[in-house]
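Listed in order, the protein sequences are those of chains D and B. Per this note's numbering, residue 1 is the first one in the first sequence, and the count goes up by one each step. Per this note's numbering, residue 1 is the first one in the second sequence, and the count goes up by one each step. Cβ atoms here follow ideal geometry from the backbone N, Cα and C, with glycine treated the same way.
Number of protein chains: 2
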Amino acid sequence: MILDAQPDMEVVAAVADGAEAVAEARRLRPDVCLLDIRMPKLDGLEVTRALAGPGVENPLRVVIVTTFDLDEYVYGALRSGATGFLLKDSGPTLLIEAVRAAAAGDALVSPSVTVRLLQHVAQPRRAPAPMNDPLTERELDVVRLIARGRTNQEVAAELFVSLSTVKTHLGSIFAKLGVRNRVEIAAWAWESGVVS
Amino acid sequence: MILDAQPDMEVVAAVADGAEAVAEARRLRPDVCLLDIRMPKLDGLEVTRALAGPGVENPLRVVIVTTFDLDEYVYGALRSGATGFLLKDSGPTLLIEAVRAAAAGDALVSPSVTVRLLQHVAQPRRAPAPMNDPLTERELDVVRLIARGRTNQEVAAELFVSLSTVKTHLGSIFAKLGVRNRVEIAAWAWESGVVS
DNA sequence: CTAGAGATCGGCCGTTCGGCCGATGCGGTC
DNA sequence: GACCGCATCGGCCGAACGGCCGATCTCTAG
Chain D
1 MILDAQPDME VVAAVADGAE AVAEARRLRP DVCLLDIRMP KLDGLEVTRA
51 LAGPGVENPL RVVIVTTFDL DEYVYGALRS GATGFLLKDS GPTLLIEAVR
101 AAAAGDALVS PSVTVRLLQH VAQPRRAPAP MNDPLTEREL DVVRLIARGR
151 TNQEVAAELF VSLSTVKTHL GSIFAKLGVR NRVEIAAWAW ESGVVS
Chain B
1 MILDAQPDME VVAAVADGAE AVAEARRLRP DVCLLDIRMP KLDGLEVTRA
51 LAGPGVENPL RVVIVTTFDL DEYVYGALRS GATGFLLKDS GPTLLIEAVR
101 AAAAGDALVS PSVTVRLLQH VAQPRRAPAP MNDPLTEREL DVVRLIARGR
151 TNQEVAAELF VSLSTVKTHL GSIFAKLGVR NRVEIAAWAW ESGVVS
């Protein structure tokens, strides 16, 4: 009703489950699809992948509308190809704007969800592990290369030092960060924004 | 005018440059500040850092409103502490919603900007290996644990399988992702959002 | 019924990792 | 001059990793 009341919008179909959604969307090819996540037969993420996922030739614009504000849903939806993510408490104004944005190829995400997305995009360096002892600049060089998957040998070559030196630095990093292997170094580097 | 017409909003000040913005915002402490980026004396990003940047004790909510749709502005604004980013062509509806969201501690970003942010958050882009072959659910279980720094032995214990099984899965993952060691798996997991 | 994909296991073997010892130089500070 | 943090190197060794082979079991699709 909200959308049909808009002069520039028309609701062309309403369906009861995910399988119907895929069938009707493929038949009618609407400008925008609104999908709930929890639906019978196929859930919203699977429908999204079918209609707009990577590898689909003429992807439709999909806006997810759901009551469930879970991070796994958000990332799942966006990775599946959704161009919008709305919580059902967003009000009619945002719903209309989200559809209009999707039709234009843009994306509108609920403000309460956006604020969490931005933390992942723009987080300044904050160590997840309590770091009483800061890393030296040289140790950070090693961390950055380790986090990109380089072996000790490759790190040594890229920093123009010997393998022994790299291993010494690694030992210091292990002690300072309180981690036990190089993958935990990589995880720390990604979480703290040392690499991105 | 647009904002003052809202029953739940009141414009308490309007200033001519960045220096004034900082002074008035500190004096009046409004619920939300709207800032342009290009301003005399201090630009919007510097003002944002002063009012809402990392390390500020009682940060204000800042919404950037600008005509310049540049990635460096977007990321700069969000890293500086902005809780919203609007383009001036967004229309009055989104402006009102952005202010309302900011007042609630949420964040609204222009749809045309959001669509680019989402590509950075949700698109697993990997030049050498565009993943023609998706990982199975079990392989993803292994990836998630590996990315958190678990050893093969620990992964085996947590998944209730043998060490051999973990190594077999790892071999498949190496082949599918086109990587050479477990740290590159971790890096892929963080980049693609499999872990966060 | 058959073929294939996926999950599960085992063994062998060379490479890499990480811990632990020690050592040298270089630049600061007290 | 003495001390100390930092970067640089070396050797040794056990554990972990990763490649390569083959194998069984289940489930699904044709």
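- Taking the Cα of Gly44 (chain D) as reference, the smallest distance to any Cα among D:Gly149, D:Pro59, D:Ala19 is reached at D:Ala19.
- DSSP places Gly18 (chain B) outside any beta strand (DSSP E); the residue lies instead in the alpha helix (DSSP H), whose first and last residues are 18-28.
- The residue among D:Val179, D:Val142, D:Phe68, D:Gly105 with its C-alpha nearest the C-alpha of Val161 (chain D) is D:Val142.
- Looking only at B:Leu34, B:Ala157, B:Thr83, the smallest Cα-Cα distance to Ala16 (chain B) is reached by B:Leu34.
- Listed along chain D, the residues sitting closer than 9 Å to Asp106 (chain B) by beta-carbon distance are Ser110, Pro111, Ser112, Val113, Thr114, Val115.
- Around the CB of Ile2 (chain B), fewer than 16 other CB atoms lie within 10 Å, so the residue is classed as exposed.
- Taking 8 Å as the threshold, the shortest C-beta distance from Arg79 (chain D) to chain B falls below it.
- Contact between Ala186 (chain D) and Val183 (chain B) is confirmed by a C-beta separation of about 5 Å, below the 8 Å threshold.
- The three-state reading of DSSP puts Gly44 (chain B) in helix, counting H, G and I together.
- Near chain B, meaning a CB-to-CB distance below 9 Å, the residues of the region 137-160 of chain D are Ile146, Ala147, Arg148, Gly149, Arg150, Thr151.
- Chain-ordered, the chain B residues with CB closer than 8 Å to the CB of Asn181 (chain D) read Gly149, Thr151.
- Chain B places no beta carbon closer than 8 Å to that of Ala23 (chain D), leaving this residue out of the contacts.
- Within chain B, the residues whose beta carbon sits less than 7 Å from that of Ala101 (chain D) are Pro111, listed in sequence order.
- Just measuring C-alpha positions, the residue of B:Gly105, B:Arg116, B:Val113, B:Val56 sitting nearest Val113 (chain D) is B:Gly105.
- About 7 Å separates the Cβ atoms of Leu42 (chain B) and Val22 (chain B), confirming a contact at the 8 Å cut-off.
- Close partners of Leu94 (chain D) in chain B (Cβ separation under 8 Å): Glu97.
- When 7 Å is used as the limit between beta carbons, Ala186 (chain D) is near these residues of chain B: Val183, Ala186, Ala187, in chain order.
- Within the same chain, and ignoring the five residues on either side of Ala102 (chain D) in sequence, the residues whose Cβ sits closer than 6 Å to its Cβ are Val32, Arg61, Val63, Thr83, Gly84.
- At a beta-carbon threshold of 7 Å, none of the residues of chain B lie near Leu170 (chain D); the nearest stands roughly 12 Å away.
- In the DSSP assignment, Gly105 (chain B) falls outside any beta strand (DSSP E), carrying neither H nor E.
- Here the C-alpha atom of Leu118 (chain B) lies approximately 15 Å from the C-alpha atom of Asp69 (chain B).
- Put simply, the CB of Thr66 (chain B) is far from chain D, with every gap to its CB atoms at 8 Å or more.
- Taking the beta carbon of Thr48 (chain D) as reference, no residue of chain B falls within 7 Å; the closest one sits roughly 12 Å away.
- When Cβ-Cβ separations below 8 Å define contact, Leu118 (chain D) makes contact with chain B.
- Contact check for Leu140 (chain D) and Val194 (chain D): beta-carbon distance about 7 Å, within the 8 Å limit, so the pair qualifies.
- When Cβ-Cβ separations below 8 Å define contact, Thr83 (chain B) makes contact with chain D.
- In the DSSP assignment, the residues bridged to Leu86 (chain B) are B:Val65.
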